[in-house]
Structure formats: structure tokens, C-alpha cells
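Residue numbers (the working numbering), protein chains in the order written: chain A, 1 to 135; chain B, 136 to 270; chain C, 271 to 405; chain D, 406 to 540; chain E, 541 to 675; chain F, 676 to 810; chain G, 811 to 945; chain H, 946 to 1080.
Protein chains: 8
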Amino acid sequence: MDSIDTKIIQMLRKNARESFATIGKAVELSAPAIGKRVKQLEEKGIILGYSLKLDHEKLGVATKAYIQLTIHQSSTLRTAYSQIVHQEEVQRCDRITGEDRLSILGYFKSNKDLITFIERISQYGVPNTSIILEN
Amino acid sequence: MDSIDTKIIQMLRKNARESFATIGKAVELSAPAIGKRVKQLEEKGIILGYSLKLDHEKLGVATKAYIQLTIHQSSTLRTAYSQIVHQEEVQRCDRITGEDRLSILGYFKSNKDLITFIERISQYGVPNTSIILEN
Amino acid sequence: MDSIDTKIIQMLRKNARESFATIGKAVELSAPAIGKRVKQLEEKGIILGYSLKLDHEKLGVATKAYIQLTIHQSSTLRTAYSQIVHQEEVQRCDRITGEDRLSILGYFKSNKDLITFIERISQYGVPNTSIILEN
Amino acid sequence: MDSIDTKIIQMLRKNARESFATIGKAVELSAPAIGKRVKQLEEKGIILGYSLKLDHEKLGVATKAYIQLTIHQSSTLRTAYSQIVHQEEVQRCDRITGEDRLSILGYFKSNKDLITFIERISQYGVPNTSIILEN
Amino acid sequence: MDSIDTKIIQMLRKNARESFATIGKAVELSAPAIGKRVKQLEEKGIILGYSLKLDHEKLGVATKAYIQLTIHQSSTLRTAYSQIVHQEEVQRCDRITGEDRLSILGYFKSNKDLITFIERISQYGVPNTSIILEN
Amino acid sequence: MDSIDTKIIQMLRKNARESFATIGKAVELSAPAIGKRVKQLEEKGIILGYSLKLDHEKLGVATKAYIQLTIHQSSTLRTAYSQIVHQEEVQRCDRITGEDRLSILGYFKSNKDLITFIERISQYGVPNTSIILEN
Amino acid sequence: MDSIDTKIIQMLRKNARESFATIGKAVELSAPAIGKRVKQLEEKGIILGYSLKLDHEKLGVATKAYIQLTIHQSSTLRTAYSQIVHQEEVQRCDRITGEDRLSILGYFKSNKDLITFIERISQYGVPNTSIILEN
Amino acid sequence: MDSIDTKIIQMLRKNARESFATIGKAVELSAPAIGKRVKQLEEKGIILGYSLKLDHEKLGVATKAYIQLTIHQSSTLRTAYSQIVHQEEVQRCDRITGEDRLSILGYFKSNKDLITFIERISQYGVPNTSIILEN
């Protein structure tokens, strides 16, 4: 990774749909040259994908919460992790230090949905919920 | 927002660089029709932007951590928030319930960088750090 | 709900036995007109009922306490809730964030009654008691 | 207080607007006799008043929360109490055991209002907020 | 209980072996009159007994500790209490508020004895030990 | 200390007013011989004094509580200790491990007296109160 | 142990491979005299052995952590202790006051190794991990 | 570092005073060859020194404790660290995650010495002490 790759990543971070032509102008390279470099960044596994930044409130999210799930038995944490990480409300899921636990970031359409989620994951451990008041 | 908009968002979430032509085929509309709808989603503020998913380890991140910052004086929390949220190591910053505090997700190149960050933000409150062991 | 309804609710909050005539004078309407509006507020489910403010100490209450009940298993919380909320000592029962738990406000005739209550509900979870010193 | 007074209180607790005639029928006394007894219960300070049970959600309440306020300096707790108890969002305010603190029950029109409230009372102590998920 | 009884109790609190004659002089009564009053205080259950203040260190006590025992199941707390209170190392045993638990004050001849005690009572609940550093 | 001294202490622990004659019979010694041994136990500082066991409830105590006082500044703990230990409501005062703090056992005539006590000692540290429910 | 023994221990603490001749010069004794004294210190069990101070990072240690293991059942703590203390990653293992638990100091080649260790010991109790940021 | 270096370190870990001749025999090299390799391990900074394992109880240590020092102000932690680490009672001093704090392992001749130490370091932060019951 040289300084041009760094610049490409910087520009795509701000706008992942930026055209290769525009990026090319900024680093004084042709669009195909940029395309080739981007492809290499993907192949090296540095760029993992391209995603959307959404206004979740406008899509119906009413409650955002961090749920710390302290696991009953450490040996079951991996199972819990793999069951939880792919649920649709889950934005992030991290295993963190302190008491052995998962920190789960979830977006919910209502408090009722949050409760349903808590009850569902409580088979794996003890949930502790913090509502996001603003971000 | 109708079911076509929902489908468009779904496809862009998986790959934000997806061409309008490909999306169009999936929903049986022309590429320009998709472009128009995407523009409207942007204007309504539903789509806020397009971003990269990166492998941060490959870019030099060695330590990921959640830092809970319990604020000395609630009245200074907004100042703290606006100073912290734009720092380069900060991935997320949320004000959450429980003791009045910020939950900060940071990516650091080393434990030394994490310590420097903790010391810098400790002017606003009492930091409590959890290292991410895996995610 | 218009400003007259708001005024009616305000007056009934202070004194739920206020006569419709007195309320009528305050908002320049007839007693039957007030009666009709109150009936509508009841039918819309805005007014749920009329209750007493009592001096519980004079009725024999010696100990008031908040009991936080952390539930053994989140899936049993609803059962616990419905068993607890109707018990005679219980003034309020709320499911709150943090560790999944019920916050129960209870009025008791003695410490002995409080202990009996704690032991009874401990089948559902771990009780944590705070005595009200003054209110 | 005899068993008739107890019965009267019971009936008024269910419906504080119950007519003295209806109560009278239930205890086999005349309406004026009930009126006289109720007046005595008021004069003895057993009945403190008559209040409404409202559906606060229908009146615009979006967030209910318990806020535990641990006081910076115990000697200022009384001042804090008298400032807080009369604020419009406050439903209850109790001084409880454990760390010297107030347990405040507040109803708020939005998370923003809750935050404003927290910041306002944080001059007296350290607030710790639990959102009511259902009740 | 009149002021003479109060004075008698005060004098016996300082020295439980004080002769009735000496007490009598202080309150201007005869020794037999004091004896009669003391007997009455015993019969009314105000005076429960007479005990020694010992220097436990000189008798071999090396470690004093408070052990908070959080009970697994509140319904077993009475059993636990009656098993623990009569053990020879136990100076006090009180059921206290907060999480349902016993506060046990124990005097031990060594850390080894303390560990044995902790392990013995851990069948009833989770012990939490604080060593007394000075008193 | 031989086995006779041990026996003497045992008997005085049960009843500190036991006559030397009765003790003498139990250990097959004369009353004066017992008196001499008791005097020696006092002179060696093994017996520190003789005290009363009282039924404090009958003397007006309504609230017994443990108050843990976490000291603001460890260097002031000795001052705090010497101010607190001699107050009339204080039964015990011990410096214990964990966060640097005093464990205070107090007997109070009412919740109001407990509050006054808490506010008075809060100049030295942060009080945390547990009510004794039964003992 | 006299002042010469104290001096010998001091010098060996700084450098356990120090020759007896050098130590001898410092205390004005012959090398064989030092050798004899060292042997006696070993025989009395004052010197238990000689060990290395290593730069563990250079030997591949990437993560140092304290793991507090709160034991499920106090009676199993000794078994847990003897299983854990001899594991290769374990530098220290101490039973400490507070909730009945082991404080384990471990050095690990990676976060993955730390996780494996945590999961292995979690059969004995609830692990709580603190990463060492610098020492 | 090859497998012979690893073996040398292993043997010196068990006994840091092991002669090079004995080590040489085990790995089939001459004593001088071992000496040369050890010198290189020292020069590379892998071996930092040679130390004693002592029976501290026999040298007068009566109380071993972990003291967690939560720092008042993160920016002063380095100063605190450098003041504390070289004190004679201190065996280890590590900055750890969670609330920003030092974990200090200290050996003390008496509880009085422990108290003096706690009071001395409390100028930097809030000490929390756990006594080592056995190790």
C-alpha cells in the first residue's frame, strides 16, 4: 500500500460510489489505473465491501440499544455469537474484556421488539441493556 | 417508500457500488428509473451516504476497544461529545442510559495509542475500557 | 383534545371529585357539557379512572421500599410480572433497562411483612431492596 | 376507623367519583351518613385527596424513566429534593437507602426532554437512568 | 422506666459488675432498692444479660472479618441464619437490605480458619469478605 | 492462661455478674482465689470490662443500620474514625478492606435520626446504608 | 539471620548469579564462608530458588492479563487452584478477599490464546479479565 | 533463538545459578559455548537478569495484598506509577483496563504497614484492597 492507495481509500470512505475518473483526477492517474488498484485492494482483503449509511429513524427504528450479554458458560460463547451476529436487528457484536460477554448493538422498531430480542438472547446469558439517548 | 425502494436499499446495503442497471434488472425497471429513485432516497435523507467496509487489522489497527466515559458534570457532556466524535480513532460515539456517559468505539494502532487517547479524553470524565477480543 | 379538555384534566388531577358545575364555571361551559366531555375522555381511554391519595402511614404502613427483582431467566419475566403486579402491597411494578429486572414499589405494615414479600418473589429472581427513608 | 370506613376507602380507591348513595347502599347507610364519614376521614388526614389515573402515552408521554440521583454532598439532599419534587415531569421522588440518593420517577415527552432533565438535576448529584420498557 | 432506671442502666453499661451499693449512692437509694429495680428491668426483658469485653487478640484472634453472604435462594435464608449464628467464630449475624444477604462478623485464629469458615457457609450463598484492618 | 482461666472467662461471658463463689465451685477453688485470678486477667488486659446486653427496641431503638463510609481522602480516615466512634448511636466502627472505608453499626430511634446521622458523617465520605431487617 | 545474611540476600536479589567471591568482598568474608551461609539460607527455606527475569515480549508474549475467577462453589476452589496454578501461561495465582475468587496473572501469545484459557478455566467459575496496558 | 537457546532458558528458569557445564551436558555443547550463548541472550535483552525466589513470610511479611488504585485524573497516572513502582513493599505494578487504574501487588510486615501504604498512595487515586488469603 503506497500513498496513492491511501488516498483512494480516503476518498471511497467519504463516498463509496465515487467514480474512478474523479478519484483518478485527484491522484493524477487514469480511471482504469484506479480500477486496477481498487481491484487489488479488494483481492488483498483490505477493502471488504461497500455499504450504505442510512437514516435508520426514517426507516422506522425507534430504539437503539447496547445490550451486554454476560454468558452463562464461557464455552457456549461462540455458539451464542454465531446465533446473534446474523440477526437482522444486530449492527455489531463484539466479545469484550471484563466479565466474559458480548457487546451487542441493536436497532429496534419499538421497545416491544427490544424486549422480544432480549428474551430471545437470554437463553445464552444475562442481558444488560443501555438505551442510546443520542448519537 | 414502496417495496421497490426497500429492495433498492437492500441491494445497495450488500454492495453500495452496485450498478443501477443490475438493480434495475432485479426490480424490472430501467437504470435511469433506479437512478431517479436513489436520488429521491438521498434527497429525503434516507440514504445519508456510501461507505467502505475495511479490514482495519490490515491497515495497522492492533487494538479495538469500547471506552465508556462517565462524565464529571452532565452539563459538559455535549462539549465532550463534539470534541470526541470527530477524532480519527473514533468509530462510534453514543450517549447511553445508566450513569450519564458516552460509549466510544475506538480503533488504535497500539496499546500506547489507546493510552494516549484515554488520557486525552479523561479531562471530560472517568474512562472505563473494554478491549475487543474478537468480532 | 383541545385546551378545554386540558383544563378539565388539570382540575380533576387536583381534585377528582370536583363537581362538573365548578369545572364548567372555570371554562365557561354548562355542567352537562363538562359531563359529556369527561365521558368522551373516558371513552378515548385518556382518563382511566379516579383514585384516592391516602396517608398510608395512618393506615398502618410502617415500611416503604423499592425492590429491584433481577429475573433468573428473561423468558419468565412476564409470568413474574403478572403474579406480582396484583399483590396487595404492590403500588407500582415496572420493567426497566439495565440488567433485565422489575422495579417494584411496595408498602408494608412491618419489616416482617417486607421479608415475607421478598421471600415470596425470590422464586422469580434475585431481590435487591432499598428502604424509602423519606418522601 | 371501623370496618365501614375501611369499606368506604376500598370503594373510593376503585372509583374516587363514586356517589355517596351507591357507597351507602353497599354498607347499608344513607348517603349523608357516608358524606359525614368521608369528611371525617379527610379531617383526620387519612384521605389526602382525589386524583386521576391517566393514559400518559395518549397525552404525549414517550419516555418513562427512573433516575437515581446520588447526591454529591448529603447535606444538600434536602435542597435537591425540594427543587426536584415539584418539577412537572416528576411523578415520585423518594430518598432511599444504599448510597445516599433520590429515586425519581419521571415522564417525558421525548428522549430530548429526558436529557434536558438529567442535565438540569446533575448540579445536585450523579444521575443514573433506567428506562421503563413496559408497565 | 423512670430517670433512676436510666441512670442504673448507664452505670451498668460502663461496668456490669458495679455493686448495687455504689449505684445506690449515686441515685440516693439503698442497695436492696437498686437490686429490686434491676430485677424488674430483667423481668421486663430490658436487661437481657451481662457480658465481658475481651481483648480477643490476646486470646489468639489474628483475623477479624465481615462476611456478606448473598443467599442463593431467599427462602433458605432463615435456615442459613440459624446454622450460622451459633457458630463459635460468629460475633454478630444480621439480615440486611440491598441484595438479600446476611452480614456476618467473625473472629478467626488465622486466615486458614477464615477460609474454612467461608467454605463451610458457601453452601448457603456467595460469600464476600472484608478484613477489618483496625478498630 | 491455663484451663481454669479459660473456664472463668467462659462463665463470665455467659453472666458477667456471676459471683466468684459460684465460679469457684465449678473449678474447685475458693472465691478469693477466683477474685485474684480475675484481677490478673484484668491487669493483663485480657478482660477489658463488663457490659450489658440490652433489648434496644424496648429502649426506643426503631432502626438499626450498617453504614459503609467510603472516605474522600484516605489521609483523613483517622480523623473521621475518632469523630464517629464515640457518637452515642454508634455500636461498632471498623476500618475494612475493599475501597478504603469505615463500617459503622448504628442504632437509631427513627429514620429521621438515621438521616441526621448520615448527613453529619457525610462530610468525611460517601455513606452507603443497609437497614438491618432482623437479627 | 544477621546483617550479613541480609546483605547476601540483597546482592543475590539484584543478581542471582553473583559469584560468592564478589559477595564475600562486599561483606569482608571468604567465598567459602558465603557459600556456607547461602546453603544455610537454602536449608532454612528462606531462599527457595533462583529464577530468570525475561523480556516476555521478545519471547512471543503479546497479551498480559489479570483474570479474576469468581468460583461457582467455594468448596471447589482448592481443586480449581491446583489445576490452574501449574498451567504454562500462569505467572501467579492468588486467593483473595472480596467475593471468593482467584486472581490469576497470565501471559499469552495472542488474544486467541487468552480466549482459549478463559474458556478452559470457566468450568470452575466466572472469569473477569483485565488486560495489562503497560508495566 | 533456536531450540538450544530455548532449552538454556528453560534450565535457567528452574535454577538461575545452574553451571554452564551442567547446561552444556544437557544440550551437548561445551561450557564456554553455553556462556557465549547466554551472553548473547543478555545482549539481545531476552534475559534481563537473575533473581531470587524467597519465602517472604520467613523474612517477616505478614500481609500480602493487591491494591487497585483508580486514578483521580488519568493524566497523572504516569507520575503515580513512577512514584509507586520503586517503593520497597511493591512487587508488581501494572496499568490495567477497566476503570483507568494501577494494580499493585504489595508485601507488608503488618496491617499497620499496609494502612500506611494505602494512605500514602491515596494522594494519586482511590485505593481498593484485596488481601491474599493463600497462594
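The beta-carbon is built from N, C-alpha and C at its ideal position, and this holds for glycine as well.
Buried versus exposed call for residue i [16 or more other C-beta atoms within 10 Å across all chains shown]
i: C/Pro302; result: exposed
i: G/Glu899; result: buried
i: H/Asn1080; result: exposed
i: B/Lys199; result: buried
i: H/Ser1020; result: exposed
i: B/Leu268; result: buried
i: G/Gly816; result: According to the sequence displayed, residue 816 of chain G carries Thr and not Gly. So G/Thr816 ends up on the exposed side.
i: E/Leu599; result: exposed
i: H/Gly1070; result: buried
i: A/Asp94; result: buried
i: F/Gln685; result: exposed
i: G/Ser813; result: exposed
i: C/Ser373; result: buried
i: H/Ala1042; result: Note on identity: in this sequence residue 1042 of chain H is Thr, with Ala being the wrong assignment. H/Thr1042 is buried by the Cβ-count criterion.
i: B/Gln226; result: exposed
i: A/Gln40; result: exposed
Expected contact under 8 angstroms - CB spacing of residue i and residue j to nearest Å
i: E/Ser662; j: G/Asp910; result: 7 angstroms
i: F/Leu723; j: E/Lys565; result: Between E/Lys565 and F/Leu723 the Cβ distance is about 25 angstroms, and since that is not below 8 angstroms, they are no contact.
i: D/Arg533; j: D/Ile476; result: It should be pointed out that residue 533 of chain D corresponds to Asn in this sequence rather than to Arg. Actually they are not in contact, since the Cβ atoms of D/Asn533 and D/Ile476 sit about 12 angstroms apart, beyond 8 angstroms.
i: F/Ser726; j: E/Arg553; result: 6 angstroms
Residue i at chain E interface by Cβ criterion, 7 angstroms
i: F/Phe678; result: Note that residue 678 of chain F corresponds to Ser in the displayed sequence, not to Phe. No, because no Cβ of chain E sits closer than 7 angstroms to the Cβ of F/Ser678.
i: F/Ala708; result: no
7 angstroms Cβ cutoff, residue i in contact with chain H
i: G/Glu944; result: yes
i: G/Arg765; result: The structure shown does not extend to residue 765 of chain G, since chain G is modelled only from 811 through 945, so no value can be given for it.
i: G/Lys868; result: yes
heavy atom of the ligand ZN below 6 angstroms from residue i C-beta
i: H/Arg1046; result: Ligands in the displayed structure: none, and consequently the ligand ZN is not present.
Proximity test, Cβ basis, 7 angstroms: residue i and chain A
i: B/Thr214; result: no
i: C/Ser344; result: yes
i: B/Gly180; result: yes
i: C/Asp364; result: no
Residue-chain proximity (residue i, chain G), Cβ-Cβ < 7 angstroms
i: A/Asp113; result: no
i: H/Ala1007; result: no
Neighbour flag for residue i against chain D, beta carbons, 7 angstroms
i: B/Ile232; result: Per the sequence presented here, residue 232 of chain B reads as Thr, with Ile not at that position. Yes - at least one Cβ of chain D is within 7 angstroms of the one on B/Thr232.
i: C/Arg307; result: no
i: F/Ser797; result: yes
C-beta neighbour in chain F for residue i, strict 7 angstroms
i: E/Ile671; result: yes
i: H/Glu1055; result: The identity of residue 1055 of chain H in the sequence shown is Ser, whereas the question assumes Glu. Not an interface residue.
Residue i at chain B interface by Cβ criterion, 7 angstroms
i: H/Asp1000; result: no
i: D/Glu524; result: yes
i: A/Tyr50; result: yes
i: A/Ala26; result: no
Any C-beta of chain C under 7 angstroms from that of residue i
i: A/Ser103; result: no
Interface flag, residue i vs chain K, CB-CB below 7 angstroms
i: D/Gly530; result: Protein chains in the displayed structure are A, B, C, D, E, F, G and H, and chain K is not among them.
At least three beta-carbon pairs within less than 8 angstroms, the stretch 781–788 of chain F to the stretch 812–829 of chain G: With a cut-off of 8 angstroms, the stretch 812–829 of chain G and the stretch 781–788 of chain F do not count as touching, because too few Cβ pairs lie within range.
Touching by the beta-carbon criterion (3+ pairs, under 8 angstroms), the stretch 168–176 of chain B and the stretch 211–230 of chain B: Flag = no, the stretch 168–176 of chain B and the stretch 211–230 of chain B do not touch.
Continuous beta strand (DSSP E) assignments of at least 3 residues falling wholly in the stretch 992–1047 of chain H: With a minimum length of 3 residues, the continuous beta strand (DSSP E) runs that stay inside the stretch 992–1047 of chain H are 992–999, 1008–1016, 1035–1041.
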